[in-house]
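**Q** Structure incoming, see below.
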Amino acid sequence: MGRLKEWRRKINIDGDLRFDKPMRDHTTFRVGGPADVYARPAHREDVITLLAAAREHDVPWFVLGGGANILVADDGIRGIVIDMGSIAHCDHRGTTLIAGAGLPVSDASAYAADHALAGLDFIYSMPGSVGGAVWMNARCYDGEIYPILESVEIVTPDGALDTYTPAPEDFDYKRSPFMSNSAIMTEVRLRLDHGDPEALWRVMREHEADRRSKGHFIAPCAGSVFKNNRAFGSPSGAIIDSIGMRGTAIGGAKVSDLHANIVINTGNATATDIRRLIEHIHDQVERRTGYDLEPEVLYVGDWSSR
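Using this note's numbering, the letters of the sequence shown map in sequence onto residues 6 to 311.
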């Protein structure tokens, strides 16, 4: 940690930089230990500066979007967490929406509807950031990010500013090329259509009500825990429900009473509780149905003491 503190004294960014910042304050599960170094860059130049320092001092780094779909270990994250939350601008040119990667994706959806732009209504009330939605090729309500993705401004691992233009072969169901490379997204451009604000907001409120009915907003959670697999014939939630796991709990983690593909923090869960429950669900489903459910939640940080 002394080496990291020495690095901190040498770095100069406009954004916030702290030591031992608890990650529970920055994840939708509301669990997670401290990051050795927590950085919140104010703009793309800060990102470039942080990567240069990480390379120079051989410090690992992790990019944080909205804190959804991740489970940070109780022992925290070694190295630097780069929180993109301050890079959250939003504008449009014609029907192209231009958003900072750290903008909450629901805010982007609301901005689009308010400006008569259709195509992002499917993602309203979803947790996470615009960059995170691109990273996982987010989809729901028959909508998906890839078809509306025009381009992404990125900072490459060596600190160069570049533009990525999407190609069909790079994307699949809840998969993107950013899962297998180390580029950091700073700005996203989405190709939308003209729409009627009133009609868009009507659909968006219906989506929000549906999420609410499934318990997304009642307790800390990350939304769906497992991806759906069409080859299984039923959504993952229905499969989990079919073997009677709704309400199953380990420590402070519990399968939601309202939707079996949601694991909630009842108030005192640890990250270990949540991971153990997710793995227990997976193992029970595989043993009793033969289906190998794929987790949608990414395990992040130092799990060595688990």
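Quick reminder that beta carbons are idealized off the backbone N, C-alpha and C, glycines included.
In whole angstroms, what is the alpha-carbon distance linking Phe231 and Lys15?
**A** Their backbone Cα atoms lie some 42 Å apart in a straight line.
**Q** Here's the rule I'm using: 16 or more other beta-carbon atoms within 10 Å means buried, otherwise exposed. How should Tyr353 be labelled?
**A** Past the edges of the chain, shown from 6 to 311, lies residue 353, and the structure says nothing about it.
**Q** With a threshold of 16 other CB atoms inside 10 Å of the CB of Arg292, please say whether the residue is buried or exposed.
**A** Arg292 should be labelled exposed.
**Q** Buried or exposed for Phe222, going by 16 or more other Cβ atoms inside 10 Å?
**A** Classification of Phe222: exposed, given that the 10 Å Cβ count is below 16.
**Q** Between which two residues does the alpha helix (DSSP H) harbouring Ser247 extend?
**A** Taken as a continuous stretch (DSSP letters only), the alpha helix (DSSP H) holding Ser247 covers 241-247.
**Q** Between Trp66 and Gly90, is the Cβ-Cβ spacing less than 7 Å?
**A** Their beta carbons are not under 7 Å apart, which means Trp66 does not touch Gly90 by this criterion.
**Q** Identify whether Leu166 lies in helix, strand or coil by the three-state DSSP scheme.
**A** Residue state, collapsed to three classes: strand.
**Q** Among the residues of its own chain, which have a CB less than 8 Å from the CB of Cys226, if the five just before and after it don't count?
**A** Correct list, in chain order: Thr33, Phe34, Gly220, Ser261, Ile267, Val268, Ile269, Asn270.
**Q** With a threshold of 6 Å on Cβ separation, who are the neighbours of His94 within its own chain once the five nearest residues in sequence on each side are excluded?
**A** Within the same chain, His94 has close Cβ partners Gly105.
**Q** In chain order, what residues of the same chain have a beta carbon less than 6 Å from the beta carbon of Trp308, not counting five sequence neighbours either side?
**A** Hits under 6 Å: Ala78.
**Q** Please classify Asp79: does DSSP put it in a helix, a strand, or coil?
**A** Coil at Asp79, not helix or strand.
**Q** Got a sec? Which residues, its chain only, sit under 7 Å from Met184 by beta carbon, not counting five neighbours each side?
**A** Excluding sequence neighbours, Met184 sits near Trp140.
**Q** Is Asp51 helix, strand or coil when you go by DSSP?
**A** In the structure shown, Asp51 sits in a helix (DSSP, three-state: H, G or I).
**Q** Can you give me the Cβ contacts of Asp51 inside the same chain, cut-off strictly under 8 Å, excluding the 5 residues immediately before and after it?
**A** Same-chain partners within the cutoff: Ile18, Asp19, Gly20, Ala44.
**Q** For Arg216, does the count of other Cβ atoms within 10 angstroms reach 16, so buried, or fall short, so exposed?
**A** Buried is the call here.
**Q** Among Ala47, Leu195, Arg311, Leu263, which has the Cα closest to the Cα of Arg98?
**A** Nearest C-alpha to Arg98: Leu195.
**Q** Report the residue from Pro46, Ser111, Ala254, His285 whose alpha carbon sits nearest the alpha carbon of Ile92.
**A** Checked all of Pro46, Ser111, Ala254, His285; the closest Cα to Ile92 is Pro46.
**Q** Please state if the CB of Pro109 and the CB of Gly71 are separated by a distance shorter than 7 Å.
**A** Yes, these two residues count as a Cβ contact at 7 Å.
**Q** Please confirm whether Val68 and Ile82 have their CB atoms less than 7 Å apart.
**A** No, the Cβ-Cβ distance between Val68 and Ile82 is not below 7 Å.
**Q** Say yes only if the C-beta of Met209 is nearer than 6 Å to one or more non-hydrogen atoms of the ligand GDP, and no if none qualify.
**A** The ligand GDP is not part of the structure shown, which contains no ligands of any sort.
**Q** Applying the 10 Å Cβ sphere with the 16-neighbour rule, what's the burial state of Glu158?
**A** Buried.
**Q** Starting from Ser134, follow its DSSP beta bridges and name the residues at the other end.
**A** Its beta-bridge partners are Pro109.
**Q** Would you report the Cα separation of Thr168 and His287, rounded to the nearest angstrom?
**A** Those two C-alpha atoms are separated by around 38 Å.
**Q** Suppose you measure from the CA of Thr253 to the CA of Tyr296; what does that come to, to the nearest Å?
**A** Roughly 19 Å separates the two Cα atoms.
**Q** How long is the line joining the alpha carbons of Glu213 and Tyr129, rounded to whole angstroms?
**A** One C-alpha to the other measures close to 7 Å.
**Q** Determine the closest residue to Asp41 out of Leu56, Asp25, Arg29, with distance taken between C-alpha atoms.
**A** Nearest C-alpha to Asp41: Asp25.
**Q** Closest to Ala165 by CA distance: which of Ala143, Ser156, Ile189 is it?
**A** Looking at the Cα atoms, Ile189 is the closest of the given residues.
**Q** Going by CA-CA distance only, name the one from Asn273, Gly249, Glu11, Arg49 that's closest to Glu192.
**A** Cα-wise, what sits closest to Glu192 is Arg49.
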